[in-house]
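Undergrad: So the protein sequences, as listed, match chains A and B. Here the first sequence stands for residues 1 to 155, where the numbers follow my numbering. Here the second sequence stands for residues 1 to 155, where the numbers follow my numbering.
Number of protein chains: 2
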Amino acid sequence: MTSSSRRRGEIPLLLAMVYRAMTDELHEHLRTEGREPLRPAHGYTFRLLTERADVTAVDLADHLGVTKQAASKIATELETWGYLERRPHPTDGRARVLALTAKGADYVRHADELWAQLEDRWAAQIGTDRLDQLHHDLRAYVSASGGRAALRPVW
Amino acid sequence: MTSSSRRRGEIPLLLAMVYRAMTDELHEHLRTEGREPLRPAHGYTFRLLTERADVTAVDLADHLGVTKQAASKIATELETWGYLERRPHPTDGRARVLALTAKGADYVRHADELWAQLEDRWAAQIGTDRLDQLHHDLRAYVSASGGRAALRPVW
DNA sequence: GAATGTAGTCAACTAGATTGACCATTATAG
DNA sequence: CTATAATGGTCAATCTAGTTGACTACATTC
Chain A
1 MTSSSRRRGE IPLLLAMVYR AMTDELHEHL RTEGREPLRP AHGYTFRLLT
51 ERADVTAVDL ADHLGVTKQA ASKIATELET WGYLERRPHP TDGRARVLAL
101 TAKGADYVRH ADELWAQLED RWAAQIGTDR LDQLHHDLRA YVSASGGRAA
151 LRPVW
Chain B
1 MTSSSRRRGE IPLLLAMVYR AMTDELHEHL RTEGREPLRP AHGYTFRLLT
51 ERADVTAVDL ADHLGVTKQA ASKIATELET WGYLERRPHP TDGRARVLAL
101 TAKGADYVRH ADELWAQLED RWAAQIGTDR LDQLHHDLRA YVSASGGRAA
151 LRPVW
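1) Assign Thr2 (chain B) to one of three DSSP states: helix, strand, or coil.
2) Just to check my reading of the structure: His135 (chain A) and Glu10 (chain B) have Cβ atoms closer than 8 Å, yes? What is that Cβ distance to the nearest angstrom?
3) Here's the rule I'm using: 16 or more other beta-carbon atoms within 10 Å means buried, otherwise exposed. How should Thr45 (chain A) be labelled?
4) Quick check on DSSP: helix, strand or coil for Val18 (chain B)?
5) Along the beta strand (DSSP E) that carries Pro167 (chain B), what are the first and last residues, could you check?
6) Assuming the contact rule is C-beta atoms closer than 8 Å, Ala41 (chain B) and Leu15 (chain B) should be a hit. Round their C-beta distance to whole Å, please.
7) Need the endpoints of the alpha helix (DSSP H) that Val200 (chain A) sits in, please.
8) How would you list, in chain order, the residues of chain A whose beta-carbon sits under 8 Å from the beta-carbon of Arg38 (chain B)?
9) Is there a Cβ of chain A sitting closer than 9 Å to that of Val18 (chain B), yes or no?
10) Please list the terminal residues of the continuous beta strand (DSSP E) segment that includes Arg96 (chain B).
11) Output, in chain order, the set of chain B residues within a Cβ distance shorter than 7 Å of Ala144 (chain A).
12) Given that Tyr107 (chain B) touches chain A, what residues does it touch there, using C-beta distances under 7 Å?
13) How big is the Cα-Cα spacing for Thr50 (chain A) and Asp112 (chain A)?
14) So Glu77 (chain A) packs on Arg86 (chain A), CB below 8 Å; how close in whole Å?
15) Taking Gly82 (chain B) as the reference, give the member of B:Arg94, B:Ala70, B:Thr67, B:Thr101 with the closest Cα.
16) From Met17 (chain A) to Arg94 (chain A), what does the alpha carbon distance come to, in whole angstroms?
17) Establish whether the CB of Glu33 (chain A) and some CB of chain B are separated by less than 9 Å.
18) Contact defined as beta carbons within less than 8 Å: I believe Ala99 (chain A) pairs with Leu84 (chain A). What is the distance between those atoms, to the nearest angstrom?
19) For Thr2 (chain B), which residues in the same chain have their Cβ closer than 6 Å to its Cβ, ignoring the five residues on either side in sequence?
20) What residues in its chain sit with their C-beta under 8 Å from that of Pro88 (chain A), if we drop five residues either side in the sequence?
21) To which residues does DSSP link Val55 (chain A) through a beta bridge?
22) To the nearest angstrom, report how far apart His109 (chain B) and Gln133 (chain B) are at their CA atoms.
23) Look up Arg31 (chain B) in the DSSP assignment and say whether it is helix, strand or coil.
24) What is the rounded straight-line gap between the Cα of Leu38 (chain B) and the Cα of Ile74 (chain B)?
25) Is any beta-carbon of chain B found at less than 9 Å from that of Gly179 (chain A)?
26) Here's the rule: buried if 16 or more other CB atoms are within 10 angstroms of the residue's CB, otherwise exposed. What is Val66 (chain A)?
27) When Cβ atoms are compared, which residues of the segment 79–92 of chain A fall closer than 7 Å to chain B?
28) What residues in its chain sit with their C-beta under 8 Å from that of Arg157 (chain A), if we drop five residues either side in the sequence?
29) Starting from Leu78 (chain A), trace the alpha helix (DSSP H) both ways and give me its first and last residue.
30) Whole angstroms is fine: what's the gap from Ala57 (chain B)'s alpha carbon to Arg20 (chain A)'s?
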């Protein structure tokens, strides 16, 4: 009996609020650390580069749900700040591979730790089991909605 | 045993994806209905005006987490489209009250129904109990993070 | 080897916000 | 009371992160 009278259609709003609160807390933290002004799009870029090698600007554009021009600009920012490098593509002379530098990989570990701390605080409130369920249920929605879940910030 | 191996710090990403998928589905639906190009910010405006009377542009700005100029512009759009009116403020001669028109109120009901349908689809996957829990757990995070949960789209 | 497709860049434009200046009205301090 | 400060709203200029469109260089396919 956890209900406490849920209004129909309220969940999306709550999702927005929680996600927004979490990202605000993270980016506020990063700001106090004197980091470059990293935005969510940069975070999603790190994520992709961590998961896959041989990522091109076009791949990044697909992942973020933006044009290749926008993706390239984001990559250039990260390059300027020393988080990634553009390397020649092993097989395609037109393309260049986007790859994290050591600084980039360090940042990913650091950011993951910060996210994890937010999660931990939440777990302390509602319990680890519930967080596991949450994870499961969110995954269910994502896989049900097909490839729709691009990562671009919402509008 | 619902875990299926959750990576630490993965939850925020999933929240983002689900929220993004939901809003995309909603706005796609609205578009096929031939609606004006309503954005999330408009939705959050409707929500506030539904909940409170005597809302001013400054109140809206606070709610959305944007400047009063931006909030005013959003209000003007909704006014142009006939969803809201600006009325004289009962006690403050400087201020004007933002209020939904009948068309605005109709829209709110319609949008709530669409959100609810997305929820229902989710409920069909994971069950109503789980959705109730989700609601409870999201609320827990929101109330723990204080007034931080402004509704402005994330970056 | 010619035609078509694709990765990337450059440049011009757009949307949605920001900052700053300002006016009118309200609230507060002497 | 009045003088001063604070507040709601608007106008104008600017910024930012994206877009579209045109183009080059390399790849693929026939």
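Cβ atoms here follow ideal geometry from the backbone N, Cα and C, with glycine treated the same way. Every value quoted in this text rests on a predicted model; they were computed, and no experiment measured them.
TA: Let me lay it out:
1) Counting from one through the second sequence, the residue named residue 2 (chain B) turns up at place 2. Bear in mind that the predicted position of Thr2 (chain B) carries a pLDDT of just 48, short of 50, making it unreliable; the figure below should be weighed with that in mind. In this structure, DSSP gives Thr2 (chain B) a state outside helix and strand, which the three-state scheme calls coil.
2) On the first sequence, position 135 is the one that residue 135 (chain A) refers to. On the second sequence, position 10 is the one that residue 10 (chain B) refers to. Indeed they touch by this definition, with Cβ atoms about 7 Å apart.
3) Counting from one through the first sequence, the residue named residue 45 (chain A) turns up at place 45. So Thr45 (chain A) ends up on the buried side.
4) By 1-based counting over the second sequence, the position of residue 18 (chain B) is 18. Val18 (chain B) falls in the helix class under three-state DSSP.
5) With chain B running from 1 to 155 in the structure shown, residue 167 (chain B) is simply not present.
6) Here residue 41 (chain B) refers to the residue found at position 41 of the second sequence. Here residue 15 (chain B) refers to the residue found at position 15 of the second sequence. The pair is not a contact, with the Cβ atoms about 19 Å apart (cut-off 8 Å).
7) A query on residue 200 (chain A) cannot be resolved here, the shown segment of chain A reaching from 1 to 155 and no further.
8) Against the second sequence, residue 38 (chain B) aligns to sequence position 38. Note on identity: in this sequence residue 38 (chain B) is Leu, with Arg being the wrong assignment. Neighbours of Leu38 (chain B) on chain A: none; closest Cβ ~10 Å, over 8 Å.
9) The count along the second sequence starts at 1 and reaches residue 18 (chain B) at position 18. Answer yes: the Cβ-Cβ gap between Val18 (chain B) and chain A drops below 9 Å somewhere.
10) By 1-based counting over the second sequence, the position of residue 96 (chain B) is 96. Bounds of the beta strand (DSSP E) holding Arg96 (chain B) are 96–100.
11) As a first step, residue 144 (chain A) must be located in the first sequence, where it is residue number 144. Per Cβ cutoff of 7 Å: Gln125.
12) Along the second sequence, one-based indexing puts residue 107 (chain B) at 107. Within chain A, no residue comes near Tyr107 (chain B); the closest Cβ sits about 13 Å away, beyond 7 Å.
13) One-based indexing of the first sequence puts residue 50 (chain A) at position 50. One-based indexing of the first sequence puts residue 112 (chain A) at position 112. When only Cα atoms are considered, Thr50 (chain A) and Asp112 (chain A) end up about 12 Å apart.
14) As a working mapping, residue 77 (chain A) is identified with position 77 in the first sequence. As a working mapping, residue 86 (chain A) is identified with position 86 in the first sequence. Contact doesn't hold; Cβ gap of about 13 Å is too wide.
15) Along the second sequence, one-based indexing puts residue 82 (chain B) at 82. The shortest Cα separation from Gly82 (chain B) among B:Arg94, B:Ala70, B:Thr67, B:Thr101 belongs to B:Thr101.
16) Walking along the first sequence from the start, residue 17 (chain A) turns up at place 17. Walking along the first sequence from the start, residue 94 (chain A) turns up at place 94. Rounded to whole angstroms, Met17 (chain A) to Arg94 (chain A) spans 42 Å at the Cα level.
17) Position 33 of the first sequence holds residue 33 (chain A). Chain B, which has no Cβ nearer than 9 Å to the Cβ of Glu33 (chain A), makes this no.
18) Taking the first sequence and counting its residues from 1, the one referred to as residue 99 (chain A) is at position 99. Taking the first sequence and counting its residues from 1, the one referred to as residue 84 (chain A) is at position 84. Leu84 (chain A) and Ala99 (chain A) do touch by the CB rule: their CB atoms are close to 6 Å apart, below 8 Å.
19) Counting from 1 along the second sequence, the entry for residue 2 (chain B) is found at position 2. Bear in mind that a pLDDT of 48 at Thr2 (chain B), under 50, signals an unreliable position, so the number given afterwards is only what the model happens to contain. So the list is empty, once near-sequence residues are dropped.
20) Along the first sequence, one-based indexing puts residue 88 (chain A) at 88. These residues qualify, in order along the chain: Arg96, Val97.
21) As a working mapping, residue 55 (chain A) is identified with position 55 in the first sequence. Note: Val55 (chain A) sits in a beta bridge opposite A:Leu98.
22) Indexing the second sequence from 1 puts residue 109 (chain B) at position 109. Indexing the second sequence from 1 puts residue 133 (chain B) at position 133. The identity of residue 109 (chain B) in the sequence shown is Arg, whereas the question assumes His. C-alpha separation (whole angstroms): 25 Å.
23) Here residue 31 (chain B) corresponds to residue number 31 of the second sequence, with the count starting at 1. The answer is helix: DSSP assigns Arg31 (chain B) an H, G or I state.
24) Residue 38 (chain B) sits at position 38 when you count from the first residue of the second sequence. Residue 74 (chain B) sits at position 74 when you count from the first residue of the second sequence. Their Cα atoms are separated by approximately 10 Å.
25) Residue numbering for chain A in the displayed model covers 1 to 155; residue 179 (chain A) lies beyond these limits and cannot be assessed.
26) Start at 1 with the first residue of the first sequence, and residue 66 (chain A) comes out as number 66. By the Cβ neighbour-count rule, Val66 (chain A) is buried, with 16 or more other Cβ atoms within 10 Å of its own.
27) Correct list: empty, as no residue qualifies.
28) Since the displayed chain A opens at 1 and closes at 155, residue 157 (chain A) lies outside it and no answer follows.
29) Taking the first sequence and counting its residues from 1, one reaches residue 78 (chain A) at position 78. It spans 68–80 - the alpha helix (DSSP H) in which Leu78 (chain A) sits, taken as one unbroken run.
30) Position 57 of the second sequence holds residue 57 (chain B). Position 20 of the first sequence holds residue 20 (chain A). A direct Cα-to-Cα measurement between Ala57 (chain B) and Arg20 (chain A) gives close to 22 Å.
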